[in-house]
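To keep things clear, I will list the structure first and then write my remarks on it.
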Amino acid sequence: MNPFEFFIPQNITVGAGTLAKLPECAKKLGGSHAMLISGPTLRKMGVVDKAADYLKDAGMAVDIFTDVEANPSVTTVEKATEAYKDSGADFIVALGGGSPMDVAKAVGVTAKYGGSITEYEGAHKVPGKIVPLIAIPTTAGTGSEVTAFSVITDHSRDYKLTVFSYELLPAYAILDPELLTSAPASVAAACGIDAFIHAEEAYVSTAASPFSDAMAEKAMELIGGNIRRFVARRTDLEAAEAMLTGSLFAGIAFSFARLGNVHAMSHPVSAFFNVAHGVANAVLLPVIAEYNALADHGRYLKIYNYISPIPAYEDEFEPLMLVDAIRELNEDIGIPEDLTTAIRQAKKGEEISDEEIESKIDAMADDAMKSGNIAVNPRSSRKQDIVELYHKAL
Numbered sequence: 413m414n415p416f417e418f419f420i421p422q423n424i425t426v427g428a429g430t431l432a433k434l435p436e437c438a439k440k441l442g443g444s445h446a447m448l449i450s451g452p453t454l455r456k457m458g459v460v461d462k463a464a465d466y467l468k469d470a471g472m473a474v475d476i477f478t479d480v481e482a483n484p485s486v487t488t489v490e491k492a493t494e495a496y497k498d499s500g501a502d503f504i505v506a507l508g509g510g511s512p513m514d515v516a517k518a519v520g521v522t523a524k525y526g527g528s529i530t531e532y533e534g535a536h537k538v539p540g541k542i543v544p545l546i547a548i549p550t551t552a553g554t555g556s557e558v559t560a561f562s563v564i565t566d567h568s569r570d571y572k573l574t575v576f577s578y579e580l581l582p583a584y585a586i587l588d589p590e591l592l593t594s595a596p597a598s599v600a601a602a603c604g605i606d607a608f609i610h611a612e613e614a615y616v617s618t619a620a621s622p623f624s625d626a627m628a629e630k631a632m633e634l635i636g637g638n639i640r641r642f643v644a645r646r647t648d649l650e651a652a653e654a655m656l657t658g659s660l661f662a663g664i665a666f667s668f669a670r671l672g673n674v675h676a677m678s679h680p681v682s683a684f685f686n687v688a689h690g691v692a693n694a695v696l697l698p699v700i701a702e703y704n705a706l707a708d709h710g711r712y713l714k715i716y717n718y719i720s721p722i723p724a725y726e727d728e729f730e731p732l733m734l735v736d737a738i739r740e741l742n743e744d745i746g747i748p749e750d751l752t753t754a755i756r757q758a759k760k761g762e763e764i765s766d767e768e769i770e771s772k773i774d775a776m777a778d779d780a781m782k783s784g785n786i787a788v789n790p791r792s793s794r795k796q797d798i799v800e801l802y803h804k805a806l
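Note that the sequence shown covers residues 413 to 806 in my numbering.
Okay, structure coming up:
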C-alpha cells in the first residue's frame with residue numbers, strides 16, 4: 413500500500429431547508445457584505461434572490477454577479493473580479509453548479525492576490541488563503557464545494573486550464589436538496605453521471621487509497637442506486653439528497669485520488685466544442701472503461717453492482733460486462749450514444765461536418781496529454797492511444 417494522507421478542513425451541512433443556515437455560516441466567517449456569484453437561470457428562477465434575502469434579513473449587504481456561463485472563461489473571471497472589488501464585499505457565496513463555483517474560487521484568488529487566473533494555472537501556485545467562500549451546490553454533479561480545483565476555459569488557446577490548491581476549498585458548504593428539485597431531466601442526468609464518474613475514476617486511479625476508496629464506494633452506492641429515480645422525478649427529495657451527498661463524497665474522493673482518462677479527454681471536448689462537461693464525460697466513460705478493462709483487478713465487479721439493476725457474482729463476472737452496464741445507464745438517462753451526436757447537439761443546429769470534428773482530434777489529444785489525470789489512469793496511455801480513443805468515441 414502506498415503512503416497516503418487526508419484532511420477535511422471544511423464545515424459541511426446537509427439537509428432539506430439548510431439554505432436558511434447561510435447567514436449563520438457568513439457570521440462565523442466574520443462577513444458583513446456578500447458577493448453572490450451564480451448564473452442567469454438561477455436568477456430567473458428566484459433561487460439567487462432567495463439566498464440574497466436570507467443574508468439581507470440578517471442585516472448583511474449583498475451584491476450579485478450572475479453573468480456566469482457554462483464552461484466559464486478567463487474573461488468572466490476578470491469581470492467577476494472587477495465586480496467584487498467595486499462592491500466592497502468581504503466574502504463570496506457561490507450558488508449553482510460547477511461553473512459558478514469555479515468562477516467564485518478563481519475570483520477568490522485574483523481579488524486577493526491580483527493578476528490573471530492564468531498565472532495560477534497548475535498546482536500549488538496560490539500563495540495563501542483566498543477570499544472567504546461559502547459554496548451552495550444546486551446540482552448533484554461536480555462536488556466542487558469540496559474540491560481544491562477551479563477549471564476555467566482560456567479561449568485564446570481553446571484550453572481548459574486547472575488551478576489546484578487546497579487554499580481553494582470553501583470554508584463552508586451547504587447542501588440543500590430542495591435546490592435540486594427544479595433541474596431539468598437533462599441537467600440532472602449530465603450532472604449525476606459526472607458525479608458518478610468522479611467516484612469511478614477515483615476508485616480505479618493508481619493514486620487511490622483506503623480513504624479515497626471509502627468515499628468513492630459510498631458515492632457510487634448513493635448515486636448508482638438513485639440516479640435513474642432522480643432523473644425520473646427531481647422532486648423526490650430522498651433521491652435528491654442521496655445524489656447530493658454522493659456527489660459530495662465523490663468530490664472528496666477525487667480530491668485525493670485524482671481522476672483518469674475520461675476527464676483528461678473530456679476537458680478538450682468542452683473547450684473545442686462547448687459540449688457540457690457531464691455529457692462529454694458520460695459519452696467517453698464506456699470507451700475508457702473498455703480500454704481500462706485490461707488493468708482491472710477486481711474493482712469492475714463492485715462498480716457494476718452499484719449501477720446494474722441485476723447484481724453479478726464473481727464467478728460469472730467479466731470486466732466488459734461493466735461497459736455494457738454503463739451504456740445501458742447512459743441510455744436510460746438520455747445521454748447521447750456517441751461523441752459526434754453530443755457535439756452536434758451542443759452546436760444547436762449549427763452545421764458541423766465529420767471532417768471538421770476529426771480535424772480537432774490531434775489538438776485535443778495534445779491537450780489531454782497535458783492533464784495530470786493521464787498519469788493516474790489505471791492503464792498507461794500515449795498520445796496515439798488517446799487519438800484512437802477519441803476516434804472510437806466519435
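For glycine and all other residues, C-beta sits at the position ideal for the given N, C-alpha and C.
Just so you know, these numbers come straight off a predicted model, no measurement behind them.
With the rule of 3 Cβ pairs closer than 8 Å, the segment 473–484 counts as touching the segment 496–512. Only residues of its own chain outside the window of five on either side were considered, and among them 567 have a CB closer than 8 Å to the CB of residue 487, listed in chain order. With a beta-carbon spacing of about 5 Å, residue 716 and residue 737 fall inside the 8 Å limit used to define contacts. For the 8 Å CB-CB criterion, residue 683 and residue 482 do not form a contact. For residue 686, the CB contacts under 7 Å within the same chain, skipping 5 residues up- and downstream, are 483 and 758 in chain order.
Residue 617 and residue 670 have their C-alpha atoms roughly 7 Å apart.
Across the structure, residue 673 and residue 681 are spaced so that their CA atoms are roughly 13 Å apart. Short of 8 Å from the beta carbon of residue 445, and not among the five residues preceding or following it, lie these beta carbons of its own chain, in chain order: 472, 473, 474, 475, 499, 500, 501, 502 and 503. In the assembly as shown, residue 690 is a buried residue. Its beta-carbon has 16 or more other beta-carbons within 10 Å. Contact annotation: residue 562 and residue 580 have beta-carbon atoms nearer than 8 Å. Straight through space, the alpha carbons of residue 676 and residue 787 are spaced by roughly 10 Å. For residue 460, the secondary structure class from DSSP, reduced to helix, strand or coil, is helix.
If you draw a 10 Å sphere on the C-beta of residue 794, you find fewer than 16 other C-beta atoms in it, and that means exposed. Assignment of residue 447 by DSSP, reduced to helix, strand and coil, places it in the strand class. In the DSSP assignment, residue 572 is bridged to 565.
Taking the CA atoms as reference points, residue 507 sits about 11 Å from residue 434.
Annotated three-state conformation of residue 584 is strand, per DSSP. With a cut-off of 8 Å on Cβ pairs, the segment 647–663 is not in contact with the segment 530–542, counting fewer than three such pairs.
Residue environment analysis places residue 679 among the buried positions, since at least 16 neighbouring C-beta atoms fall within 10 angstroms of its C-beta. Assignment of residue 549 by DSSP, reduced to helix, strand and coil, places it in the strand class. Around the beta-carbon of residue 706, fewer than 16 other beta-carbon atoms lie within 10 Å, marking it exposed.
Less than 8 Å separates the beta-carbon of residue 624 from that of residue 665.
Rounded to whole angstroms, the Cβ separation of residue 769 and residue 806 is 7 Å, and the two are in contact under 8 Å.
DSSP assignment within the segment 672–758 yields the following whole alpha helix (DSSP H) runs of 4 residues or more, N-terminal first: 673–685, 689–704, 711–719 and 732–745.
If you check the CB distance, residue 587 and residue 467 do not come in under 8 Å.
Residues of the same chain with a CB within less than 7 Å of the CB of residue 489, apart from the 5 flanking positions on each side, are 515, 518, 519, 522, 529 and 564 in chain order.
As the crow flies, the alpha-carbon of residue 776 is around 9 Å from that of residue 798. The residue from 746, 745 and 714 with its alpha-carbon nearest to that of residue 731 is 714. Residue 459 is not a Cβ neighbour of residue 657, given a cutoff of 8 Å. For the pair residue 614 and residue 416, the Cα-to-Cα distance works out to about 14 Å. An exposed status is given to residue 760, since fewer than 16 other beta-carbon atoms sit within 10 Å of its beta-carbon. By the CB criterion at 8 Å, residue 553 and residue 637 fall outside the cutoff. Annotated as distal: residue 509 and residue 452, with beta-carbon spacing of 8 Å or more.
Beta-bridge partners assigned by DSSP to residue 424: 585.
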